[in-house]
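There are 2 protein chains.
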Amino acid sequence: MLSNACKYTIRSMLYLALYTDETKKIGVKKIAEDLDTPQPFLAKLLQQLTRSKLVSSTKGPNGGFFLSKKNKEKSVWDIIKSIDGTEKFSQCFLGLSKCDDENPCPVHSIVTPFKQRILEDFRDKTILQWAEEIKKSGTVLSLRDFDAFKE
Amino acid sequence: MLSNACKYTIRSMLYLALYTDETKKIGVKKIAEDLDTPQPFLAKLLQQLTRSKLVSSTKGPNGGFFLSKKNKEKSVWDIIKSIDGTEKFSQCFLGLSKCDDENPCPVHSIVTPFKQRILEDFRDKTILQWAEEIKKSGTVLSLRDFDAFKE
DNA sequence: TAAGTAAAAGATGTATTTGTCTTTTAATTA
DNA sequence: TAATTAAAAGACAAATACATCTTTTACTTA
């Protein structure tokens with residue numbers, strides 16, 4: 001459903017929401033290490049998100065990527081739109097060209113409510129809300145053991 | 001979630017379940033035309049299914065692909081196992097390496113019941129049952145207008 | 001203002017998926 | 001048994017996703 005690229009970027013956004021702000025930035029190198037993702041690939045993706053105004057960045061010493069207050073109000077859907085596009089979410093799970101309520105594929109009645117439900121979360125919740133849920137539930141964004149505030 | 005290859009083969013299996021049996025076979029050319037799929041690609045896939053004993057075939061005049069009674073008792077899960085493999089269905093939707101009931105990702109509680117529900121259908125229903133549902137609901141397997149019994 | 005740092009940009013490389021083409025093998029039937 | 005038909009098999013080609021490397025630009029700070 002989501003490409004690797006998109007999963008990397010969603011995880012990065014959640015990571016950045018948790019550990020950065022206007023005064024605390026983190027470089028790609030550390031992000032990629034902490035999240036256990038390919039570094040140059042992630043750099044490209046973050047640059048793309050920066051162009052789409054979903055992520056903020058500054059160059060030079062003490063520079064890096066971070067999420068501004070505004071950035072944290074963006075949705076996961078915004079990320080998906082920027083990286084993968086949204087076609088997959090409107091297509092039939094079995095690839096039928098004509099699949100709707102009148103002409104349902106065999107899994108239509110299972111897939112449709114799921115899509116609606118997950119799209120609600122993707123569209124209506126902010127990155128910040130997601131990040132707060134993660135903090136509460138103790139979810140780990142990577143198998144690697146990292147300390148976001150370590151040098 | 002499913003590759004094109006897998007979607008093509010599932011549709012083909014349903015098509016074969018509806019329109020073929022030991023006495024009525026159909027060649028790739030017609031199947032590909034009717035389902036609007038790339039012909040040589042579908043041929044490869046059907047050959048693979050034949051090797052996996054999910055589809056039956058005979059060469060020569062009046063030959064072609066068909067589903068035997070036994071073939072029709074197979075599940076969609078068997079097709080997925082043969083074409084895509086099943087890893088995707090056990091992986092976290094957001095790509096987190098550690099995501100389970102104790103350590104849920106933000107969409108875990110939405111995705112898990114969906115997966116369980118759709119896996120039931122994939123595993124427990126037979127191809128024949130799926131095909132019968134399709135016949136009842138009038139679902140179309142392709143945008144193209146085809147007559148399976150036309151020469 | 002020079003040195004150092006980190007993102008931006010663009011070229012390049014690799015793997016997988018998707019798709020095609022050609023030759024071979026097996027079955028049918030005239 | 002020769003001609004025909006259709007699948008089987010394997011080599012090949014294109015597109016996309018995934019990933020890296022190198023150079024340039026911008027910012028900081030000593």
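These protein sequence lines map, in sequence, to chains U and Z. Under the working numbering, the first residue of the first sequence is numbered 1, with each subsequent residue one higher. Under the working numbering, the first residue of the second sequence is numbered 1, with each subsequent residue one higher. Note that the Cβ used here is the ideal one computed from N, Cα and C, for glycine as well.
Item: Residue 130/U at chain Z interface by Cβ criterion, 7 Å; Value: yes
Item: Cβ neighbours of residue 107/Z in the same chain (closer than 8 Å, five flanking residues each side left out); Value: 93, 94
Item: Proximal residues of chain U, C-beta to C-beta of residue 139/Z below 9 Å; Value: 96, 98, 99, 103, 104, 105, 106, 108
Item: Stretch-stretch touch, CB-based, cutoff 8 Å, three pairs: the segment 42-49 of chain U with the segment 70-85 of chain U; Value: yes
Item: Inter-stretch contact at 8 Å, needing at least 3 Cβ pairs: the segment 50-62 of chain U / the segment 17-32 of chain Z; Value: no
Item: Exposure label - residue 90/U; buried when at least 16 CB within 10 Å; Value: exposed
Item: Sub-7 Å separation of residue 110/U and residue 13/U beta-carbons; Value: no
Item: Proximity to residue 66/Z [Cα-Cα], best of 2/Z, 138/Z, 9/Z, 88/Z; Value: 9/Z
Item: Sub-7 Å separation of residue 37/U and residue 103/Z beta-carbons; Value: no
Item: Contact with chain U by residue 1/Z, beta-carbon distance below 7 Å; Value: yes
Item: Close-in-space but distant-in-sequence residues of the same chain around residue 96/U (CB under 7 Å, 5 per side omitted); Value: 105
Item: 7 Å Cβ cutoff, residue 7/U in contact with chain Z; Value: yes
Item: Length of the line joining the Cα atoms of residue 1/U and residue 70/Z; Value: 32 Å
Item: Span separating the alpha-carbon of residue 49/U from that of residue 5/U; Value: 12 Å
Item: Proximity test, Cβ basis, 7 Å: residue 133/Z and chain U; Value: yes
Item: Every unbroken alpha helix (DSSP H) within the segment 88-128 of chain U, with a cutoff of 4 residues, ordered by chain; Value: 108-124
Item: Interface positions of the segment 58-91 of chain U facing chain Z (Cβ-Cβ less than 7 Å), listed along the chain; Value: none
Item: Amino acids of chain U, ordered along the chain, whose beta-carbon sits closer than 7 Å to that of residue 117/Z; Value: 110
Item: Burial state of residue 123/U (16 or more Cβ within 10 Å); Value: exposed
Item: Secondary structure of residue 20/U, DSSP reduced to three states; Value: coil
Item: Interface residues of chain U facing residue 11/Z [CB-CB closer than 9 Å]; Value: 94, 95, 96
Item: Through-space distance from residue 41/Z to residue 73/Z, alpha-carbon basis; Value: 25 Å
Item: Residue 152/Z, enclosing beta strand (DSSP E) - first and last residue; Value: Chain Z is shown from 1 up to 151; residue 152/Z falls before or after that span and cannot be answered.
Item: Residue closest to residue 20/U, alpha-carbon to alpha-carbon, out of 137/U, 142/U, 128/U; Value: 128/U
Item: Selection from 39/U, 131/U, 33/U that minimises the alpha carbon distance to residue 142/U; Value: 33/U
Item: Cβ pair residue 132/U, residue 68/U closer than 7 Å; Value: no
Item: beta-carbon residue 74/U near the ligand GTP non-hydrogen atom, thresh 6 Å; Value: For the ligand GTP, the structure offers nothing, since it holds no ligand at all.
Item: Cβ-based neighbour list, residue 118/Z, same chain, cut-off 6 Å, excluding 5 preceding and 5 following; Value: none
Item: Proximal residues of chain Z, C-beta to C-beta of residue 152/U below 7 Å; Value: In the structure displayed, chain U extends from 1 to 151; residue 152/U sits before or after that span and is not available.
Item: Limits of the unbroken beta strand (DSSP E) element including residue 50/U; Value: Not the beta strand (DSSP E): residue 50/U falls in the alpha helix (DSSP H), residues 39-51.
Item: Min CB distance residue 114/Z to chain U below 7 Å; Value: yes
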